[in-house]
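Quick note, the sequence shown lines up with residues 2 to 189 if you use my numbering. Before any comments, here is the structure.
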Amino acid sequence: MAVTADQVRQLREQTGAGMMECKKALVESAGDFDKAVDVLRKAGIARAGARGERTAREGLVEAYIHPGSRVGVLIEVNCETDFVARTPEFAELVRNLAMQVAAAGAEYIRREEVPAERVAKEREIFAAQLEGQGKPAAIIDRIVAGKLEQPHIRDDKQTVGELIAAAAARTGENIVVRRFARFRLGQD
């Protein structure tokens, strides 16, 4: 199938991927735009995993105060180069992550940091909620696993991990949330 330059441009604008990657994804998906986006996302996540070993020492520190001034967040997000750190897209990502921490009440940076007993307790609660709906055990396990991932506050079809992986795919750099602090008025 022949892929037009306009199709490549549209896919590139939507995904932020390179021109040749977009063309390859469109050819692979026989011109189906949605399938091409999926191909790029899968490829980007795979490449982001390989970049995870590289050092990320540049980046931004963002302060976010929620309207009403009752919740505030200070977050550090790192990337590999100051060139990427100075882009508006990276600044927007950091701001979105700060808002995520404020809105979701995040306590941990990585899933591995959450105590095993807390994960087990959440699994138990979600499973109990679903068992009353008469769903098969195999489906309950998959639904519970999905509920344990934190959805992005602006797009609940995307997890925070996928948001970061997509940004890493667009920039070609390792992106890491280094640390954050969340402050809520009247709480220790």
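Note that beta-carbon positions come from the ideal geometry of N, C-alpha and C, so glycine has one too. Quick caveat: nothing in here was measured; it's all calculated off a predicted structure.
Residue i versus residue j: straight-line alpha-carbon distance, rounded
i	j	result
Phe-84	Ala-170	16 Å
Arg-155	Gly-60	22 Å
Pro-68	Gln-151	23 Å
Met-100	Thr-160	14 Å
Glu-113	Val-4	43 Å
Val-72	Asp-157	22 Å
Ala-44	Arg-183	33 Å
Glu-90	Pro-137	42 Å
Leu-98	Glu-132	33 Å
Ile-76	Ile-66	12 Å
Glu-108	Ala-117	14 Å
Gly-32	Arg-185	49 Å
Val-28	Gln-15	17 Å
Thr-191	Ala-129	Given that the chain is displayed from residue 2 to residue 189, the structure contains no residue 191 and the question cannot be resolved.
His-153	Leu-164	8 Å
Ala-64	Ala-92	11 Å
Ala-104	Ser-70	13 Å
Val-120	Leu-94	27 Å
Asp-7	Phe-34	12 Å
Val-102	Val-178	11 Å
Ala-146	Ser-30	29 Å
Nonlocal neighbours in the same chain, by C-beta distance under 8 Å from residue i, ignoring five residues either side
i	result
Thr-207	Residue 207 lies beyond the stretch modelled for the chain, which goes from 2 to 189, so this question has no answer here.
Ile-144	Phe-127, Leu-131 and Lys-136
Val-9	Met-20, Cys-23, Lys-24 and Leu-27
Three-state secondary structure assigned by DSSP to residue i
i	result
Thr-172	helix
Gly-106	coil
Arg-179	strand
Glu-150	coil
Arg-42	helix
Ala-3	coil
Arg-155	coil
Val-186	The sequence given here has Leu at residue 186, not Val. Three-state DSSP puts Leu-186 in coil, outside helix and strand.
Gly-32	coil
Closest Cα partner of residue i within the set the options
i	options	result
Phe-181	Asp-7, Leu-12 and Arg-96	Arg-96
Asp-142	His-153, Arg-124 and Gly-135	Arg-124
Gln-188	Val-9, Gly-106 and Ala-6	Gly-106
Arg-111	Leu-149, Val-74 and Arg-10	Leu-149
Ala-168	Gln-134, Gly-147 and Val-78	Val-78
Nonlocal neighbours in the same chain, by C-beta distance under 7 Å from residue i, ignoring five residues either side
i	result
Ile-140	none
Ala-86	Glu-59, Gly-60, Leu-61 and Cys-80
Neighbourhood of residue i by C-beta, 6 Å cutoff - its chain only, sequence neighbours within 5 removed
i	result
Ala-26	Ala-37, Val-40 and Leu-41
Thr-172	Val-85
Ile-46	Any reading at Ile-46 must be qualified, since the residue scores a pLDDT of 48, below 50, and its modelled position is unreliable; the value itself is stated next. Result list for Ile-46: Ala-166, in chain order.
Val-115	Tyr-109
Whole beta strand (DSSP E) runs in the segment 63–102 with 3 or more residues, listed along the chain? Counting only runs of 3 or more, we get 72–80.
4 or more residues per run - each alpha helix (DSSP H) lying fully within the segment 111–144: Correct list: 117–132.
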